[in-house]
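Engineer: Mind having a look at this structure? Questions to follow.
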Amino acid sequence: MKPKHTYYYIHLIHAILILVLLATGSFLYVPALRTFLGEYRYELRQFHSIIGISYFIFLCFAVPSVFRYARAHRRWQKTFHICLQLLLGVGWTASGIYLWLNYTEYLGIRQASILLHDALTLFIIPWVSAHILLWYIRRNQKPVRKGGRESRDRGILISRRDVLLLFSGAILAFMAGGLFRWFQPLSPRFLNALETVKRKGYFRIYSVRSDNPVFNRETWRLTVDGLVEKPASLSFDELITRKSHTFTSDFHCVTGWSVNSVKWKGIPFRDIINQVKPKEEGAYVRMYSADRLYTETYELTQLLEENVILAYELEGKQLSENQGAPLRLFHPNMYGYKSIKWLNRIEIVKDRELGYWEEKEGYDLNGYLR
Ligand SMILES: Nc1nc2c(c(=O)[nH]1)N[C@H]1C(S)=C(S)[C@@H](COP(=O)(O)O)O[C@H]1N2
Ligand SMILES: [Mo]
Numbered sequence: 029m030k031p032k033h034t035y036y037y038i039h040l041i042h043a044i045l046i047l048v049l050l051a052t053g054s055f056l057y058v059p060a061l062r063t064f065l066g067e068y069r070y071e072l073r074q075f076h077s078i079i080g081i082s083y084f085i086f087l088c089f090a091v092p093s094v095f096r097y098a099r100a101h102r103r104w105q106k107t108f109h110i111c112l113q114l115l116l117g118v119g120w121t122a123s124g125i126y127l128w129l130n131y132t133e134y135l136g137i138r139q140a141s142i143l144l145h146d147a148l149t150l151f152i153i154p155w156v157s158a159h160i161l162l163w164y165i166r167r168n169q170k171p172v173r174k175g176g177r178e179s180r181d182r183g184i185l186i187s188r189r190d191v192l193l194l195f196s197g198a199i200l201a202f203m204a205g206g207l208f209r210w211f212q213p214l215s216p217r218f219l220n221a222l223e224t225v226k227r228k229g230y231f232r233i234y235s236v237r238s239d240n241p242v243f244n245r246e247t248w249r250l251t252v253d254g255l256v257e258k259p260a261s262l263s264f265d266e267l268i269t270r271k272s273h274t275f276t277s278d279f280h281c282v283t284g285w286s287v288n289s290v291k292w293k294g295i296p297f298r299d300i301i302n303q304v305k306p307k308e309e310g311a312y313v314r315m316y317s318a319d320r321l322y323t324e325t326y327e328l329t330q331l332l333e334e335n336v337i338l339a340y341e342l343e344g345k346q347l348s349e350n351q352g353a354p355l356r357l358f359h360p361n362m363y364g365y366k367s368i369k370w371l372n373r374i375e376i377v378k379d380r381e382l383g384y385w386e387e388k389e390g391y392d393l394n395g396y397l398r
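Just so we're aligned, residue 29 is where the sequence shown starts under the working numbering, counting upward by one.
Right under this line is the structure:
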């Protein structure tokens, strides 16, 4: 058997890495799949990042070969290939690394990175599919002879028409992918919902577990304890008969999506604090979720700011099960990860501990919007 040419291996590794990235990436991208993954999402994300970085390192090593390889092609084909590589190598990696680092600063850069990452991926899907298809069809053909020089690469000789087709394919993929992600949670009133989603954005439902805690109105209690003079235990009915507070505020997830002017209703956190009377040494607050996994911590004074509420209504409706029924915290100046869902215990404590994401991914302790 003839030994395979280096290009063959470069091509093969390239293909495998791209396919693994597309597969793991689509799990992170499609909301339904991501929710399904629940608590393993974090590990999958790490895996995806590691493969992504390997891909970049590999690309760097492969660059000289890619250039040599491109020389065998016509001028415009050469330009096309090099642009494609650059776009992917630079665009994908730069945005990917920014997302991987999980900076909580500069929400704008983060949102732009997500958009670029997604857009490049959607753009590349038709290209990858066509590539695989061409390779499959032509795998048994004899190498093409061109001016005495043998072109080793059979799958990639493309015509101008192929490029046009690929671009149309890319635009289609782009639209289909956009539908998936941006217009996902459609209500029965399709077009109305579409309008709202475009204007407001929508909540990607996040949970670190794959099952939601069940809310039982009869037995549910909110416990407020720890370093307080008067611990409290409130039923849901007691909670909603208290003086409520309604206001509108944007919601920002640190991973890049936002929902504009969300209407919140609940009880001011201050009122609870006035009732339980924290002791002097109680400087921090730890909150627990009924999912028994997620926790968050705050400085007590942070929670006395304007419009910090224990919310039981969102957009005029009772909190839905996957959005934290019956109660979640909302702090208008903090990122979404501080908005703990299925809140059922508030503990006033002396020392600060880390919350779920602060511990797992090093999210900023205070989570203020920037
Ligand atoms: N119990 C619990 N609360 C949680 C989370 C979670 O995984 N579990 N995710 C947080 C994050 S990171 C965000 S962005 C918001 C998402 O709110 P939503 O699911 O209503 O869109 O919930 C926050 N509260
Ligand atoms: Mo988030």
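Note that beta-carbon positions come from the ideal geometry of N, C-alpha and C, so glycine has one too. Note that the structure is a prediction, hence the values are computed from the model and not measured.
Using the beta-carbon count (16 or more within 10 Å), is Arg-73 buried or exposed?
Structural biologist: With 16 or more other Cβ atoms within 10 Å, it is buried.
Engineer: How would the residue list near ligand 2 read, in chain order, if you kept each one whose beta-carbon is closer than 7 Å to any heavy atom?
Structural biologist: Cβ-based neighbours of ligand 2 within the cut-off: Tyr-234, Cys-281, Val-282, Thr-283, Tyr-363, Gly-364, Tyr-365.
Engineer: For Gly-344, count the other beta carbons within 10 Å of its own beta carbon; 16 or more makes it buried, fewer makes it exposed. Which is it?
Structural biologist: Answer is exposed; the Cβ neighbour count stays below 16.
Engineer: Can you check which of these residues, Val-191, Thr-329, Ser-367, is closest to Phe-231 by C-alpha distance?
Structural biologist: Of the listed residues, the one whose Cα sits closest to Phe-231 is Ser-367.
Engineer: For the region 75–88 against the region 112–130, are there 3 or more C-beta pairs whose distance is under 8 Å?
Structural biologist: Enough Cβ pairs lie closer than 8 Å, so yes.
Engineer: Nearest by alpha-carbon distance to Asn-240: which of Ser-348, Pro-259, Gly-294 is it?
Structural biologist: Out of Ser-348, Pro-259, Gly-294, Ser-348 has the C-alpha closest to the C-alpha of Asn-240.
Engineer: Can at least three beta-carbon pairs, one atom from the region 372–386 and one from the region 249–260, be found at a separation below 8 Å?
Structural biologist: As far as the Cβ criterion goes, the region 372–386 touches the region 249–260, which means the pair count is three or higher.
Engineer: Whole angstroms is fine: what's the gap from Arg-298's alpha carbon to Glu-327's?
Structural biologist: Approximately 13 Å between the Cα atoms of the pair.
Engineer: Buried or exposed for His-33, going by 16 or more other Cβ atoms inside 10 Å?
Structural biologist: Per the 10 Å Cβ criterion, exposed.
Engineer: Could you check what DSSP says for Val-377 in three-state terms: helix, strand or coil?
Structural biologist: Three-state result, Val-377: strand.
Engineer: Tell me which same chain residues have a C-beta within less than 7 Å of the C-beta of Tyr-322, skipping the five on either side of it?
Structural biologist: Around Tyr-322: Val-236, Ile-368, Tyr-384.
Engineer: Excluding sequence positions up to five away, which residues of its chain have a Cβ less than 6 Å from the Cβ of Leu-393?
Structural biologist: Once the five neighbours on either side are set aside, the close Cβ partners of Leu-393 are Glu-386.
Engineer: Give me the Cα-Cα distance between Tyr-36 and Phe-86, rounded to the nearest whole angstrom.
Structural biologist: Their Cα atoms are separated by approximately 14 Å.
Engineer: Cβ-heavy atom distance between Arg-373 and ligand 1 below 8 Å?
Structural biologist: Incorrect: Arg-373 has no Cβ contact closer than 8 Å to ligand 1.
Engineer: Could you give the distance in angstroms between the alpha-carbon of Gly-176 and the alpha-carbon of Ala-147?
Structural biologist: Confidence is the limiting factor: at Gly-176 the pLDDT is only 44, short of 50, which leaves the residue's position unreliable, though a coordinate-based value still follows. Roughly 41 Å separates the two Cα atoms.
Engineer: Should Gln-105 be listed as close to ligand 1, given that the test is whether its C-beta is under 8 Å from any heavy atom?
Structural biologist: Gln-105 Cβ: outside cutoff for every heavy atom of ligand 1.
Engineer: Quick check: what's the CA-CA separation for Lys-293 versus Val-256?
Structural biologist: So the two alpha carbons sit approximately 26 Å from each other.
Engineer: When the Cα atoms are used, what is the spatial distance from Phe-95 to Ile-44?
Structural biologist: The straight-line gap from Cα to Cα measures roughly 21 Å.
Engineer: Looking at the unbroken alpha helix (DSSP H) that takes in Asn-302, where does it start and where does it end?
Structural biologist: Unbroken alpha helix (DSSP H) run through Asn-302: 297–304.
Engineer: Cα-Cα, which of Ala-260, Lys-305, Trp-120, Asn-335 is closest to Pro-296?
Structural biologist: The shortest Cα separation from Pro-296 among Ala-260, Lys-305, Trp-120, Asn-335 belongs to Asn-335.
Engineer: Among Ala-260, Thr-276, Glu-266, Phe-264, which has the Cα closest to the Cα of Ile-376?
Structural biologist: When each option's Cα is compared against that of Ile-376, the closest is Ala-260.
Engineer: Can you list, in chain order, the residues of its chain with a C-beta nearer than 7 Å to that of Gly-254? Leave out the 5 residues immediately preceding and following it.
Structural biologist: Gly-310, Glu-375, Ile-376, Val-377, listed in sequence order.
Engineer: Are the CB atoms of Phe-243 and Ala-198 within a distance shorter than 9 Å?
Structural biologist: No; because the gap between Cβ atoms is not below 9 Å, this pair is not in contact.
Engineer: So, using beta-carbon positions, are Ser-289 and Gln-139 closer together than 9 Å?
Structural biologist: The answer is no: Cβ separation not under 9 Å.
Engineer: Is His-42 helix, strand or coil when you go by DSSP?
Structural biologist: DSSP places His-42 in helix when its eight states are reduced to three.
Engineer: At a cut-off of 8 Å, would you count Ser-77 as near ligand 1, judging by its Cβ distance to the nearest heavy atom?
Structural biologist: Incorrect: Ser-77 has no Cβ contact closer than 8 Å to ligand 1.
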